[in-house]
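In the UniProt record's numbering, the protein residues as written are 1 to 314.
To start, the structure itself, in structure tokens.
Rendered as structure tokens:
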């Protein structure tokens with residue numbers, strides 16, 4: 001396997017779906033709480049990016065193994081195991097190695113913080129692996145968009161914040177003999193949910209766009225995704241609505257004071273985003289227009305997190 005094939009196998013272009021929430025959480029925690037641990041951030045980033053790469057590899061491997069339709073763009077070109085003639089056994093060994101490596105860095109992060117980070121990490125591992133693996137992978141159900149959006153848009157953003165403020169009673173996690181006590185600052189958790197909505201919506205829409213493009217192949221391969229359950233027209237309408245909801249959440253966040261006024265600059269992305277949405281809705285295609293969902297996510301959220309950086313500077 002050469003480096004080019006490896007980048008295809010991990011779908012390097014989709015790693016922004018984990019990097020951007022990490023960057024946003026890191027900036028927002030400094031903006032709101034004025035604390036930041038470089039050591040914890042570096043450890044988390046390494047664990048996170050390795051695990052994200054690994055889950056994508058698992059997804060491509062399972063798509064290859066479970067494919068019923070073994071022809072066309074989705075199988076022959078998009079999946080690098082077939083397109084680049086990669087050895088499945090080599091990929092399995094690489095998956096195991098990278099899972100272990102990610103887990104080691106995760107445990108290192110736990111040693112620097114507390115048990116609640118371990119709890120959240122276990123949830124992410126279960127969802128990440130269960131997304132493509134097991135008797136009923138999440139990716140083959142109508143819940144893929146929900147799990148991917150919440151896991152990467154909300155939980156990942158939360159962890160990237162929590163590792164800096166774990167000692168500030170934001171959430172405290174205590175266990176004694178047979179008792180476990182969990183204390184949460186609900187108002188601060190609601191703040192996190194509100195500011196994470198644009199990330200949640202964007203990541204969910206990357207998955208939704210992928211499933212819309214794959215509807216014909218998914219029916220043959222017995223993947224009963226959300227677009228198949230609700231129909232193509234409703235799925236495309238949902239694709240549009242989720243982005244609009246993300247914009248409204250930014251306006252609401254500014255109004256209640258949990259986002260800086262400068263975050264309204266994100267609204268300038270609305271015109272190009274609507275143009276890209278129209279392009280995708282008019283001709284959904286894995287080969288030609290799916291990448292627009294990634295471009296939209298980057299466009300909205302790079303401006304969004306840049307607004308937090310500007311607020312920190314000024």
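By construction, the Cβ of each residue, glycine as well, lies at the ideal position given by its N, Cα and C atoms.
With 16 other Cβ atoms within 10 Å as the buried cut-off, status of residue i
{"i": "residue 224", "result": "exposed"}
{"i": "residue 239", "result": "buried"}
{"i": "residue 300", "result": "buried"}
{"i": "residue 308", "result": "buried"}
{"i": "residue 255", "result": "exposed"}
{"i": "residue 183", "result": "exposed"}
{"i": "residue 47", "result": "buried"}
{"i": "residue 167", "result": "exposed"}
{"i": "residue 148", "result": "buried"}
{"i": "residue 10", "result": "buried"}
{"i": "residue 246", "result": "buried"}
{"i": "residue 96", "result": "exposed"}
{"i": "residue 135", "result": "exposed"}
{"i": "residue 3", "result": "exposed"}
{"i": "residue 297", "result": "buried"}
{"i": "residue 313", "result": "exposed"}
{"i": "residue 187", "result": "exposed"}
{"i": "residue 91", "result": "buried"}
{"i": "residue 251", "result": "exposed"}
{"i": "residue 16", "result": "buried"}
{"i": "residue 137", "result": "buried"}
{"i": "residue 190", "result": "exposed"}
{"i": "residue 272", "result": "exposed"}
{"i": "residue 219", "result": "exposed"}
{"i": "residue 210", "result": "buried"}
Minimum C-alpha distance to residue i - residue among the options
{"i": "residue 155", "options": "39, 80, 211, 199", "result": "199"}
{"i": "residue 114", "options": "96, 170, 98", "result": "170"}
{"i": "residue 101", "options": "54, 235, 11", "result": "54"}
{"i": "residue 206", "options": "7, 286, 38", "result": "286"}
{"i": "residue 106", "options": "94, 152, 91, 51", "result": "51"}
{"i": "residue 181", "options": "120, 245, 222, 116", "result": "116"}
{"i": "residue 131", "options": "215, 305, 57, 5", "result": "57"}
{"i": "residue 192", "options": "64, 246, 258, 80", "result": "258"}
{"i": "residue 152", "options": "23, 209, 6", "result": "23"}
{"i": "residue 274", "options": "253, 261, 251, 244", "result": "244"}
{"i": "residue 98", "options": "176, 142, 49", "result": "49"}
{"i": "residue 42", "options": "61, 179, 62, 19", "result": "19"}
{"i": "residue 141", "options": "94, 222, 31", "result": "222"}
Residues near residue i in its chain [Cβ-Cβ closer than 6 Å; skip 5 each side]
{"i": "residue 161", "result": "25, 29"}
{"i": "residue 44", "result": "109, 163"}
{"i": "residue 236", "result": "281"}
{"i": "residue 212", "result": "227, 235, 284"}
{"i": "residue 260", "result": "311"}
{"i": "residue 61", "result": "91"}
{"i": "residue 185", "result": "170"}
{"i": "residue 38", "result": "none"}
Cβ neighbours of residue i in the same chain (closer than 7 Å, five flanking residues each side left out)
{"i": "residue 295", "result": "276"}
{"i": "residue 118", "result": "110"}
{"i": "residue 249", "result": "194, 197, 198"}
{"i": "residue 40", "result": "109, 112, 113, 163, 164"}
{"i": "residue 215", "result": "227, 228, 232"}
{"i": "residue 305", "result": "20, 23, 24, 27"}
Cut-off 8 Å between Cβ atoms - residues of its own chain near residue i, not counting five sequence neighbours on either side
{"i": "residue 165", "result": "29, 33, 35"}
{"i": "residue 13", "result": "291, 294"}
{"i": "residue 59", "result": "131, 132, 139"}
{"i": "residue 65", "result": "88"}
{"i": "residue 269", "result": "299, 300, 303"}
{"i": "residue 86", "result": "1, 5, 9, 80"}
{"i": "residue 204", "result": "145, 146, 148, 149, 153, 242"}
{"i": "residue 279", "result": "289, 292"}
{"i": "residue 175", "result": "115, 181"}
- request: Note down, one range per segment and in chain order, each alpha helix (DSSP H) of at least 4 residues found wholly within the region 188-246.
  value: 215-220, 226-230
message: So within the region 154-181, which uninterrupted beta strand (DSSP E) runs reach at least 3 residues, ignoring any that extend past its ends?
response: 171-176
task: Examine the Cβ distances between the region 261-272 and the region 214-234 and report whether three or more of them are shorter than 8 Å.
output: no
Cβ pair count under 8 Å reaching 3, the region 113-127 against the region 142-156: yes
query: Can you give, in chain order, each stretch of the alpha helix (DSSP H) that sits fully within the region 90-134 and has at least 4 residues?
result: 115-130
- request: Just list the beta strand (DSSP E) runs in the region 245-292, keeping only unbroken ones of 3 residues or longer that don't cross its boundaries, in chain order.
  value: none
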